[in-house]
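A.B. asks: Sharing a structure with you now.
Number of protein chains: 2
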Amino acid sequence: MQLALSQPRLISLAAGFTDNESLPVEDVRALLGGLLRTRKSGRPALQYGSTQGDPMLRQWTARHVRRLDGGTGAGAADCSDRMIVTNGSQQMLYMAAEALCDTGDIVLVEDPTYFVFLGILQSRGLRARAVRMGVDGLDLAHLEKVLESLRKRGELRRVKMLYLVSYFQNPTGVTTSFEKKSGALKLLRKYEEIAGHRIYLLEDAAYRELRFRGRDVKSALAVGGGTDRVIYAGTYSKPFATGARVGFGILPEPVFTAVLRIKGNHDFGTSNLLQQLLARALASGRYERHVGRLGRRYVRKALIMSQALKGNFPPDIEWQEPEGGLYFWAKLPRDIRSGTKSKLFKAALANRVLYVPGGLCYADDPARQKPDREMRLSFGSGTEEDIREGIKRLGRTLRSLR
Amino acid sequence: MQLALSQPRLISLAAGFTDNESLPVEDVRALLGGLLRTRKSGRPALQYGSTQGDPMLRQWTARHVRRLDGGTGAGAADCSDRMIVTNGSQQMLYMAAEALCDTGDIVLVEDPTYFVFLGILQSRGLRARAVRMGVDGLDLAHLEKVLESLRKRGELRRVKMLYLVSYFQNPTGVTTSFEKKSGALKLLRKYEEIAGHRIYLLEDAAYRELRFRGRDVKSALAVGGGTDRVIYAGTYSKPFATGARVGFGILPEPVFTAVLRIKGNHDFGTSNLLQQLLARALASGRYERHVGRLGRRYVRKALIMSQALKGNFPPDIEWQEPEGGLYFWAKLPRDIRSGTKSKLFKAALANRVLYVPGGLCYADDPARQKPDREMRLSFGSGTEEDIREGIKRLGRTLRSLR
Chain A
54 MQLALSQPRL ISLAAGFTDN ESLPVEDVRA LLGGLLRTRK SGRPALQYGS
104 TQGDPMLRQW TARHVRRLDG GTGAGAADCS DRMIVTNGSQ QMLYMAAEAL
154 CDTGDIVLVE DPTYFVFLGI LQSRGLRARA VRMGVDGLDL AHLEKVLESL
204 RKRGELRRVK MLYLVSYFQN PTGVTTSFEK KSGALKLLRK YEEIAGHRIY
254 LLEDAAYREL RFRGRDVKSA LAVGGGTDRV IYAGTYSKPF ATGARVGFGI
304 LPEPVFTAVL RIKGNHDFGT SNLLQQLLAR ALASGRYERH VGRLGRRYVR
354 KALIMSQALK GNFPPDIEWQ EPEGGLYFWA KLPRDIRSGT KSKLFKAALA
404 NRVLYVPGGL CYADDPARQK PDREMRLSFG SGTEEDIREG IKRLGRTLRS
454 LR
Chain B
54 MQLALSQPRL ISLAAGFTDN ESLPVEDVRA LLGGLLRTRK SGRPALQYGS
104 TQGDPMLRQW TARHVRRLDG GTGAGAADCS DRMIVTNGSQ QMLYMAAEAL
154 CDTGDIVLVE DPTYFVFLGI LQSRGLRARA VRMGVDGLDL AHLEKVLESL
204 RKRGELRRVK MLYLVSYFQN PTGVTTSFEK KSGALKLLRK YEEIAGHRIY
254 LLEDAAYREL RFRGRDVKSA LAVGGGTDRV IYAGTYSKPF ATGARVGFGI
304 LPEPVFTAVL RIKGNHDFGT SNLLQQLLAR ALASGRYERH VGRLGRRYVR
354 KALIMSQALK GNFPPDIEWQ EPEGGLYFWA KLPRDIRSGT KSKLFKAALA
404 NRVLYVPGGL CYADDPARQK PDREMRLSFG SGTEEDIREG IKRLGRTLRS
454 LR
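Line by line, the protein sequences give chains A and B.
This note's numbering numbers the first residue of the first sequence as 54 and each following residue consecutively.
This note's numbering numbers the first residue of the second sequence as 54 and each following residue consecutively.
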């Protein structure tokens, strides 16, 4: 990213930034103008709030998540009381790890997974164990195999949670089906009894609302009887404005109380100004209209990337068409590596195009070798011309290696 | 705080909230209106920025701190490159503890000190050792005594930093003189050699700009040759808008790199919208004018509290007149306790007035008994009438106990 920012002629298909042109400048101007119009409405936005977060924003968010989940299951209940507003969903991920895990503990992750989360685990001295993925998300048979092997080695007592990027996963773009979430919770519950403590499912729904094709999948909150093991991390950063950085967590006890205490220590509450901005965006309907516009924008950018890939990439490179999110995940043939030290990466940089090497998204897991022949390609932040030209440069680079 | 918020007729002299009436609603409206006027200026504010923070805000902040420190010493150099923008200074305190200390390590703190910092230490399994204070701050002779006693017990290797709330300390209102900061750094350096590692001075300057009498004291950054051991935590929350929650740290290597990595894991950067708001507040001169207004406001509120104390408190209760900040620190005679389980606290609540019991601000230190006969009284958030009536109720409560 530093590299991309310092070389203006470089096209970055690496950054997870969102689309620049569709950032809601007019919406935010109008919403903040209204909020700050009078001292009466403006002052509470410029004063400290509570550590848990603005009650109005929590109520709007609870309603919003309930609507997304179709108002069914345990997710139908009002969850604003067990919600904590955070600085993006990233802070929620960090605090969940801080609350649940001690040094040396094990977190199950998808293989591959969100690389910043792997950084969190590493920084806290936690171990990741990788669970394979299929085209509809987590491989449940492999999850059971991993849990069983941990049981055999007496390490189940160190397993504290399963981390799932359940919508248009970063980096693969894969969405985990509702049935798989339900199945995963059932498996965790089974092994809990042997572990002697709760094993939580941390559902990272950061990309959920960036869907531009197909229908939304219900969250793990909607699994009957599952909500006391589900930590749901959502955000308004990606679907509204990454510069506003407001996310939220929905947490069962005793995790809620532990995370609230941690939030008090980290910063005792997210900016009230940002929270009230988001509350007004939701209440006014501007948020929903923006999400609609965003979908129409991303479907177009994804199509442009898809066409560029078809037109420029050698035929032995594989990828799946995403239904949402920001990424294509391309698999190279066996003889090409993609890591930062690879010929491809260096040649791509020389051709002024940057991608995220797939290897960065794989946990250190002694059970398998780290794959090194994938690329994460983002259509989020670039212009349409950047996407076309970036893929063209990458295609040229790939062909030059043959 | 929860208690105060739920009982509207209760007057809280407890909360560390800032003055509500002087919150800069008009300034923020004008600044955000300008920032969001065009898509060109608005979009960067609504997009992700860097983990370290907005370069313009860092440059304005570096200039600002340099000006406060009189442009002398090592503090005269541009420190924007080793600055990290944070969610209030609170996040900086948390990350400094996270970067420097392992479980069981020792942090030296003033006795008493900021109670949320004690909460951070506790939550991270760190031990606090208390250093006495005089009217001009830290008692250097006692600091040496504490260090010497830690050396004798072989615990010096666990000492990682000294935490100093150097301006209008929370809770006592005391400001540490420049000479004492310099002296403390010299002592730390001396014991470093025996400890075998660096011992840092974490200077919490949260209240620095809330001065309404007397002259500013230079920060520890201005101590010649001292800056490679000083972590300076500043904030715009209290002097501008607590609802905006922007703070910053100035850090020496290798702490800078460690904290930057932690910030990446916590939230990979503070809201760009808030950062650009603050950068514009500084650049436009609105920030400085607001700080001036705030001083005139707080000098008045402090005077009202002072007069109310003189008029209502029994003569055997002691306090010092603060030169800035938000607090009076009142010492009760020997026969009255102030803790949450004391007669006084309960009677005060029954009379609908809340204070912070002094005991909460003292670290658990086996070397002394925890004092329990002080009250922190804030003139920050209440109206003038609240301050008068609150102190009157408290005076009545105190007299009723005789």
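Note that the Cβ used here is the ideal one computed from N, Cα and C, for glycine as well.
Quickly, what does DSSP pair residue 253(A) with across the bridge? List them, please.
C.D. replies: Its beta-bridge partners are 214(A).
A.B. asks: Beta-carbon of residue 223(A) versus every beta-carbon of chain B: anything under 9 Å?
C.D. replies: Not an interface residue.
A.B. asks: Quick check: the Cα distance between residue 256(A) and residue 95(B), rounded to an integer number of angstroms?
C.D. replies: Roughly 32 Å separates the two Cα atoms.
A.B. asks: According to DSSP, is residue 70(A) part of a helix, a strand, or is it coil?
C.D. replies: The answer is coil: DSSP assigns residue 70(A) none of H, G, I, E or B.
A.B. asks: Pick helix, strand or coil for residue 108(A), following the three-state DSSP scheme.
C.D. replies: Helix at residue 108(A).
A.B. asks: Going along the chain, which residues of the region 276-308 of chain A sit with their C-beta nearer than 7 Å to a C-beta in chain B?
C.D. replies: Of all residues in the region 276-308 of chain A, 294, 295, 296, 297 and 298 have a Cβ within less than 7 Å of some Cβ in chain B.
A.B. asks: Going along the chain, which residues of its own chain have a beta-carbon closer than 7 Å to the beta-carbon of residue 398(A), five neighbours each way excluded?
C.D. replies: The answer, listed in chain order, is 391, 392 and 410.
A.B. asks: According to DSSP, is residue 91(B) helix, strand or coil?
C.D. replies: Three-state DSSP puts residue 91(B) in coil, outside helix and strand.
A.B. asks: Have a look at residue 147(A) and residue 160(A) and give me their C-alpha separation to the nearest angstrom.
C.D. replies: Their Cα atoms are separated by approximately 13 Å.
A.B. asks: What are the uninterrupted segments assigned as alpha helix (DSSP H) that are 4 or more residues long and contained completely in the region 132-185 of chain A, given in chain order?
C.D. replies: Counting only runs of 4 or more, we get 141-153 and 168-176.
A.B. asks: Smallest Cα separation from residue 320(A): which of 175(B), 328(B), 290(B) and 340(B)?
C.D. replies: Here the closest residue by C-alpha is 290(B).
A.B. asks: Let me make sure I understand the geometry here. Which of 296(A), 346(A) and 153(A) has the alpha-carbon closest to that of residue 251(A)?
C.D. replies: Taking only the C-alpha atoms, the option nearest residue 251(A) is 153(A).
A.B. asks: Considering only residues of the same chain and omitting the five flanking positions on each side of residue 196(A), which have a CB-CB separation below 8 Å?
C.D. replies: For residue 196(A), where only same-chain residues beyond five positions count, the Cβ hits under 8 Å are 161, 184, 215, 237 and 240.
A.B. asks: Does the region 96-104 of chain A touch the region 289-307 of chain B, meaning 3 or more C-beta pairs lie closer than 8 Å?
C.D. replies: These segments touch.
A.B. asks: Please classify residue 376(A) as buried or exposed, where buried requires at least 16 neighbouring CB atoms within 10 angstroms.
C.D. replies: Classification of residue 376(A): buried, given that the 10 Å Cβ count is 16 or more.
A.B. asks: Going by beta carbon distance, what residues of the same chain come within less than 6 Å of residue 386(A), once the five residues before and after it are set aside?
C.D. replies: Contacts found: 369.
A.B. asks: For a contact meaning CB atoms closer than 8 Å, what does residue 319(B) contact in chain A?
C.D. replies: Chain A residues near residue 319(B): 140, 143, 144, 147 and 319.
A.B. asks: Which residue comes first and which comes last in the beta strand (DSSP E) that contains residue 431(B)?
C.D. replies: Residue 431(B) -> beta strand (DSSP E) spans 427-431.
A.B. asks: Let me know the secondary structure DSSP gives residue 96(B) once reduced to three states.
C.D. replies: Residue state, collapsed to three classes: helix.
A.B. asks: Checking contacts by CB at 9 Å: is residue 112(A) closer than that to chain B?
C.D. replies: It does not: the Cβ of residue 112(A) has no partner Cβ on chain B nearer than 9 Å.
A.B. asks: I want to see whether chain A comes within less than 9 Å of residue 258(B), judged by CB atoms only; does it?
C.D. replies: So, not an interface residue.
A.B. asks: To the nearest angstrom, report how far apart residue 344(A) and residue 261(A) are at their CA atoms.
C.D. replies: Each residue's alpha carbon lies about 11 Å from the other.
A.B. asks: Am I right that residue 309(A) and residue 114(A) are in contact with their C-beta atoms under 8 Å? What's the rounded C-beta distance?
C.D. replies: With 8 Å as the limit, residue 309(A) and residue 114(A) do not qualify as a contact, their Cβ atoms being about 15 Å apart.
A.B. asks: Considering only the alpha carbon of each residue, which of 231(B), 81(B) and 329(B) lies closest to residue 258(B)?
C.D. replies: Checked all of 231(B), 81(B) and 329(B); the closest Cα to residue 258(B) is 231(B).
A.B. asks: For residue 19(B), decide whether its Cβ has a neighbour in chain A, counting only Cβ atoms nearer than 9 Å.
C.D. replies: There is no way to answer for residue 19(B), as the model of chain B reaches only from 54 to 455.
A.B. asks: Ends of the beta strand (DSSP E) at residue 283(A)?
C.D. replies: From DSSP, the beta strand (DSSP E) with residue 283(A) extends over 283-288.
A.B. asks: Starting from residue 301(A) and walking both ways along the beta strand (DSSP E), at which residues does that stretch end?
C.D. replies: Looking at the DSSP string, the run of the beta strand (DSSP E) that includes residue 301(A) is 300-303.
A.B. asks: On the three-state DSSP scale, how would you describe residue 453(B)?
C.D. replies: Helix at residue 453(B).
A.B. asks: How long is the line joining the alpha carbons of residue 219(A) and residue 228(A), rounded to whole angstroms?
C.D. replies: When rounded, the distance between both Cα atoms is 5 Å.
A.B. asks: What is the DSSP secondary structure of residue 406(A), reduced to helix, strand or coil?
C.D. replies: Of the three classes helix, strand and coil, the one that applies to residue 406(A) here is strand, per DSSP.
A.B. asks: Measuring only between beta-carbons, confirm whether residue 435(B) sits less than 9 Å from chain A.
C.D. replies: Taking Cβ atoms only, chain A never reaches closer than 9 Å to residue 435(B), which makes this a no.
A.B. asks: Among 120(B), 277(B) and 136(B), which one has its Cα closest to the Cα of residue 307(B)?
C.D. replies: Cα-wise, what sits closest to residue 307(B) is 136(B).
A.B. asks: In three-state terms, what does DSSP make of residue 264(A)?
C.D. replies: Reduced to three states, the DSSP call for residue 264(A) is strand.
A.B. asks: What does residue 162(B) reach in chain A if we use C-beta pairs closer than 8 Å?
C.D. replies: Within 8 Å Cβ-Cβ: nothing; residue 162(B) doesn't reach chain A, min ~15 Å.
A.B. asks: Name, in chain order, the residues that DSSP records as bridge partners for residue 383(A).
C.D. replies: Answer is 428(A).
A.B. asks: Rounded to whole angstroms, what is the Cα-Cα separation between residue 199(A) and residue 248(A)?
C.D. replies: About 14 Å.
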